[in-house]
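Chemist: Residue numbers (our numbering): -4 to 245.
Please see the structure below; I have some questions.
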Amino acid sequence: MAEPEPEQAAVVPLYLRVAAALRSDLADRQISPGSRLPSERSLAHRYHVNRQTVRSALRLLREERLVVTDRRGTFAAATEHEPRVPVLTSRRQSFPGGTEAADALVRASLSWEAPPTAPARRLALVPGEPTLVHRHVVLSPGGAPLQRSVSWFSRQALAEIPQLARYRRGRGTVLQPDLRLLYHWMHQAGLRLTRRESIGVPPVSAAGVGDGAARLVVHRVVSDQHGHALEITDIDFAAHGAAWTYEFSG
């Protein structure tokens, strides 16, 4: 960490200096997106500060959405420099409309409405009961849809995840919502997640994205440790317009 000028050292709080050094490492990819940061103890030793100073620096970086923290530690978040290609992965799962939601060719919204019968039953909702619904569309430069997804949330998800519950009080439609940290919010709420995905190849003649090109459809159910469904997402994307990576570990 570069030494500040004497007059700066007197006015710049230590935690801001530590945050600036880490921010620089993140921007220069010395800490790559998704990788774990050193422990608080290690950072305190590196910068010659106490652990509370390190915690304050990390809290600032979390507020800036440069890092995320869960029970395993603190990790570098995806940045605006990451590829904007929609990626579906099971080990480092991202919620549709996450880091890409600020892109001009992405449209996302949240509304409050009743889901179809099948997802309503799986989410333990009575017929006609409204819930939070997320819609996400990735568009080509010409405006043609490359990927569409729709997600429904259970009553339990809205009750246990404060960041989702705040939308219950909203009215109308929320445009370009930021749910990039959805699965981190679930972990913070003490939920242990199980993700089950079914992948299919619909007939080329079936209506969907991609103007008749080859497509994949994904049906995702995210459940808690008790088997209660928290979220159901259906994703339909053109095979030529998105990459799909499926990873798992034993």
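Glycine included, each C-beta is placed from N, C-alpha and C at the ideal position.
Is the region 11 to 20 in contact with the region 32 to 44, if contact means three or more CB pairs nearer than 8 Å?
Modeler: As far as the Cβ criterion goes, the region 11 to 20 touches the region 32 to 44, which means the pair count is three or higher.
Chemist: Within this structure, are the beta carbons of R254 and I227 separated by less than 9 Å?
Modeler: Look at the range of the chain in this structure, -4 to 245, and you will see that residue 254 is not part of it.
Chemist: With 16 other CB atoms within 10 Å as the buried threshold, where does S146 fall?
Modeler: Here residue 146 refers to the residue found at position 151 of the sequence shown. So S146 ends up on the buried side.
Chemist: Rounded to a whole number of angstroms, what is the C-alpha to C-alpha distance between G247 and A113?
Modeler: The shown model of the chain, from -4 to 245, leaves out residue 247, and the question about it has no answer.
Chemist: Quick one, are the C-beta atoms of R66 and A103 less than 9 Å apart?
Modeler: Counted from its first residue, the sequence shown places residue 66 at position 71. Counted from its first residue, the sequence shown places residue 103 at position 108. No, the Cβ-Cβ distance between R66 and A103 is not below 9 Å.
Chemist: When DSSP labels each residue in this structure, what does V212 get in the three-state scheme?
Modeler: Along the sequence shown, read from residue 1 onward, the residue named residue 212 stands at position 217. Strand at V212.
Chemist: Is S193 helix, strand or coil when you go by DSSP?
Modeler: As a first step, residue 193 must be located in the sequence shown, where it is residue number 198. Here S193 sits in strand by DSSP.
Chemist: Could you check what DSSP says for A96 in three-state terms: helix, strand or coil?
Modeler: Looking up residue 96 in the sequence shown gives position 101. With a pLDDT of only 43 at A96, under 50, the local geometry of the prediction cannot be trusted, and the value read off the model is given with reservation. A96 falls in the helix class under three-state DSSP.
Chemist: Name the DSSP beta bridge partners of R31, please?
Modeler: Position 36 of the sequence shown, counted from the start, is the residue given in the question as residue 31. Note: R31 sits in a beta bridge opposite F70.
Chemist: CB F148 to CB L225, shorter than 9 Å?
Modeler: Looking up residue 148 in the sequence shown gives position 153. Looking up residue 225 in the sequence shown gives position 230. Taking 9 Å as the Cβ cut-off, F148 and L225 qualify as a contacting pair.
Chemist: Where does the unbroken beta strand (DSSP E) through H223 begin, and where does it stop?
Modeler: In the sequence shown, counting from the first residue as 1, residue 223 sits at position 228. Note, H223: premise wrong, no beta strand (DSSP E); not H, not E.
Chemist: Put L38 into one of helix, strand or coil per three-state DSSP.
Modeler: To locate residue 38, count along the sequence shown from 1; it is residue 43. Correct three-state label for L38: helix.
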